[in-house]
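These notes are about the structure you will find just below.
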Amino acid sequence: MEVQKEAQRIMTLSVWKMYHSRMQRGGLRLHRSLQLSLVMRSARELYLSAKVEAHEPEVSLQPARSPDPRLHRPREAEAEAARLDGEQPSPEPMDTQEAPRAEEAPPRGGPRPAKVSRKRRSSSLSDGGDVGLVPSKKARLEEEEEEAAASPEVPDRLQPSPAQAEGAFPNLARVLQRRFSGLLNCSPAAPPTAPPACEAKPACRPADNMLNVLVRAVVAF
Amino acid sequence: MNYPDESTYGNKADIISTVEFNHTGELLATGDKGGRVVIFQREQESKNQIHRRGEYNVYSTFQSHEPEFDYLKSLEIEEKINKIRWLPQQNAAYFLLSTNDKTVKLWKVSERDKRPEGYNLKDEEGRLRDPATITTLRVPVLRPMDLMVEATPRRVFANAHTYHINSISVNSDYETYMSADDLRINLWNFEITNQSFNIVDIKPANMEELTEVITAAEFHPHHCNTFVYSSSKGTIRLCDMRASALCDRHTKFFEEPEDPSNRSFFSEIISSISDVKFSHSGRYIMTRDYLTVKVWDLNMENRPIETYQVHDYLRSKLCSLYENDCIFDKFECVWNGSDSVIMTGSYNNFFRMFDRNTKRDVTLEASRENSKPRAILKPRKVCVGGKRRKDEISVDSLDFSKKILHTAWHPSENIIAVAATNNLYIFQDKVN
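If you're matching them up, the sequences are chains A and B in order. First residue of the first sequence? That's 497 in my numbering, and the numbers climb one at a time after it. First residue of the second sequence? That's 7 in my numbering, and the numbers climb one at a time after it.
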């Protein structure tokens, strides 16, 4: 549990750093982004393995979800991120075609392990008590947030604000803004608002839990 | 070490970002965050002042780079000087390369101590006279004037790097040099500014598969076809330009297997190499990662021949260092002239020297309080745990905002230059 909370804290911190690094002079630094994404990945793996250990006994009792929606989810999220990204200046690549990919690149690190873990997560673990790993409905999203908010380990400034009823599928930028608004406001260099939101209309994508939101946040950058 | 000499600056633009002696050690160049270059020159020793063994005084100051704006990407390009490299002196003028994130410039620094006088083409107010009124041909005469040192940009090598330049290195042929960014290394000819050859390209076709970046690169001191580059994964590749035009396949690959007992959450990022330097002999390379300095023999790829712990007491503090961003600090390392001692910086304005032969090491501090002229620097010690002795400092009292990232060693004498944020310290060894 301690490990989980620490991993979560590091993930949150990493996302904040990634966001903040966009604001600095000279633009996004590839090496820094890569390092942050490596830490993010390690934290995520730690978080997931800690989760797996914690929920091991429950797994065998519950039916596994069908993997298909979840496999589609990453692609939709990428498209979402690409759409968001298209509105923001992409520092690294020269042609726009590469733009979404470049932004997604640093956090991916090795694509194989990331994809493998995502697949493993979806097929071997079920819903029920396993909030962190399975696509869930909005109600669960709020539950997750309250759980996180209640955690004494998370420093006050990093606590996500309570979920607002924004509709079934909050757009990624707005989610970030909502979650990290306290964080952003306390830093003088940070902008007061999140990057321009594009009003996406995802039709069937289930609401993400915190873990996936963080991963998508990394992808969006 | 004694005899500190320092220049003091006040604000953020004055933070020194690079320090480099020229090949004779007569000149010392510093670059700062504000895009300025300051060159110090060593005073000639005079018989009258035996004790003042060649002080370094300001010789020239000029603005090398200005902030720029890339309109296409909506990005500001910082004017901070990332690296300065001197060219060997071939005539009376001095030449150096200075680079920011995107553009390399060749500067010529020359002295002017004579002025031509006696032109009869202009009147007293400086207006050109009517040629019809000029009846005599008067050859101007050179008259002495106060010494003036002028710096002029002779070449500008721009638009060749998509990513941020981290290194430049002059080739031993003195005709070419290379510039390295996160993913590519380009080879330039000093005479040609509108073209460069790409010699290393590690950009994956799909950026999603990016796992490592280039962190530093350097040419071999004697073999003009050989160079090395280090990566964020802690590896070094040695390449031979004779093998192929694009040196994506290395000739040698230096990597130390990871020690599983040291594996931690931040293992990957602290293994990133921040600096790589050939020894003067060309037989060894030295690399700096976050906690150690390693010496490698070019003939042995599977592990370094020497490893020195710079500040191992930070290993248990990596999480805090991640929080305050110190874990991303890029420390440089230098060899002394005879390759027997290596030096690198640390926190709290400490810098460390390791004697490769005696295996002794020392920690010194660059600070005004501890450095009075001709005083001998006192070795410092960091207390790791347990009882702290009187003049030791505990790990928790270290000031992480005072970091020494850039140092330089005179090519033949025991004179070192240490940059501590916006102060430059020059220490000389008292021989007699």
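Positions of the beta carbon are idealized from the N, C-alpha and C atoms, including for glycine. Because the structure is a prediction, the values reported are computed rather than measured.
Helix, strand or coil at S278(B) [DSSP, three-state]: S278(B) falls in the coil class under three-state DSSP.
Give me the Cα-Cα distance between K60(B) and S250(B), rounded to the nearest whole angstrom. Here residue 60(B) is Gly; the residue named in the question, Lys, does not match the sequence. Rounded to the nearest angstrom, the gap between the Cα atoms of G60(B) and S250(B) is 47 Å.
Along chain C, which residues have their Cβ under 8 Å away from the Cβ of Y328(B)? Structure shown: chain C not included; protein chains present are A and B.
Taking 8 Å as the CB-CB cut-off, is D626(A) touching chain B? With a pLDDT of 40 at D626(A), under the threshold of 50, the modelled position of that residue is not reliable, and the figure given next carries that caveat. For D626(A), the answer is no, since every Cβ of chain B falls outside 8 Å of its Cβ.
Proximity winner among N177(B), D435(B), E262(B), K89(B), relative to D38(B) (alpha-carbon distances): For D38(B), the nearest C-alpha among the options comes from K89(B).
Since E84(B) meets chain A, which of its residues come closer than 7 Å, beta carbon to beta carbon? Residues of chain A with a Cβ closer than 7 Å to the Cβ of E84(B) are, in chain order, R521, G522.
At least one CB of chain A closer than 8 Å to the CB of E274(B): is that the case? Put simply, the CB of E274(B) is near chain A, with a gap under 8 Å to one of its CB atoms.
Flag W92(B) as yes when its Cβ comes closer than 7 Å to any non-hydrogen atom of the ligand ADP, and as no otherwise. What this structure holds is no ligand at all, so the ligand ADP is not there to describe.
Identity of the residues DSSP links to M349(B) by a beta bridge: When beta bridges are read from the DSSP output, M349(B) appears opposite V340(B), M359(B).
What residues match up with L370(B) in a beta bridge as DSSP calls it? In DSSP, L370(B) forms a bridge with F357(B).
With the cut-off set at 8 Å, would you say N106(B) and K86(B) are in Cβ contact? Taking 8 Å as the cut-off, the beta carbon of N106(B) is found closer than this to the beta carbon of K86(B).
Check whether chain A comes within 8 Å of A19(B), counting only Cβ atoms and requiring the distance to be less than that. At a cut-off of 8 Å between C-beta atoms, A19(B) does not count as an interface residue with respect to chain A.
By the criterion of Cβ-Cβ separation under 7 Å, what are the contact partners of L530(A) in chain B? L216, V219, S238, listed in chain order.
Could you tell me the distance, in whole angstroms, from the CA atom of Y180(B) to the CA atom of Y100(B)? When rounded, the separation of the alpha-carbon atoms in Y180(B) and Y100(B) is 13 Å.
How many angstroms separate the CA atom of L34(B) from the CA atom of N28(B)? Straight-line Cα distance between these residues: approximately 6 Å.
Extent of the continuous alpha helix (DSSP H) to which R505(A) belongs: Segment 498-517, the alpha helix (DSSP H) holding R505(A).
Residue interval of the alpha helix (DSSP H) (run including L102(B)): Run containing L102(B): none in the alpha helix (DSSP H); it sits in the beta strand (DSSP E), 100-105.
Could you check the C-alpha separation between D402(B) and H256(B) for me, to the nearest Å? When only Cα atoms are considered, D402(B) and H256(B) end up about 43 Å apart.
Collapsed DSSP secondary structure at R243(B) in the structure displayed: The answer is strand: DSSP assigns R243(B) an E or B state.
Compare the beta carbon distance of S236(B) and I174(B) with 8 Å and say whether it is the shorter of the two. Taking 8 Å as the cut-off, the Cβ atoms of S236(B) and I174(B) do not count as close.
Helix, strand or coil for D119(B), going by three-state DSSP, please let me know. Judged by DSSP in its simplified three-state form, D119(B) adopts strand.
Rounded to the nearest angstrom, how far is the Cβ of E338(B) from that of D281(B), given a contact under 8 Å? Contact holds; Cβ gap of about 4 Å.
On the three-state DSSP scale, how would you describe V25(B)? Of the three classes helix, strand and coil, the one that applies to V25(B) here is strand, per DSSP.
For the segment 247-278 of chain B, list every residue whose C-beta sits within 9 Å of some C-beta in chain A, in sequence order. Cβ contacts with chain A: F271, F272, S273, E274, I275, S278.
How is A223(B) classed by DSSP in three states: helix, strand or coil? Strand.
Can you give the beta carbon distance from T36(B) to L430(B), rounded, assuming they're within the 8 Å contact cut? Rounded, the Cβ-Cβ distance is 6 Å, consistent with contact.
Is the shortest distance between the beta-carbon of S538(A) and the beta-carbons of chain B less than 8 Å? Answer yes: the Cβ-Cβ gap between S538(A) and chain B drops below 8 Å somewhere.
Three or more C-beta pairs below 8 Å linking the segment 191-207 of chain B and the segment 313-333 of chain B: They do not touch, by the three-pair rule.
Please compile the residues from chain A whose C-beta is within a distance smaller than 7 Å of the C-beta of D188(B). Result: L526, H527.
Would L530(A) and S116(B) qualify as a contact pair, given that the criterion is a beta-carbon distance under 8 Å? No. Outside cutoff.
Please compile the residues from chain A whose C-beta is within a distance smaller than 7 Å of the C-beta of F334(B). Neighbours of F334(B) on chain A, chain order: R528, Q531.
Distance CB(D361(B))-CB(V340(B)) smaller than 8 Å: No; because the gap between Cβ atoms is not below 8 Å, this pair is not in contact.
Quick check on R149(B): buried or exposed, where buried means 16 or more other Cβ atoms within 10 Å of its Cβ? The residue is exposed, with fewer than 16 neighbouring Cβ atoms inside 10 Å.
Given a cut-off of 8 Å, decide if E307(B) and K258(B) are closer than it, judged by their beta-carbon atoms. Yes, they are a contact pair.
Backbone secondary structure at V535(A) - three-state DSSP: Helix.
What runs of the alpha helix (DSSP H), each 4 residues or longer, lie entirely inside the segment 244-327 of chain B? The segment 244-327 of chain B contains these whole alpha helix (DSSP H) runs: 273-276.
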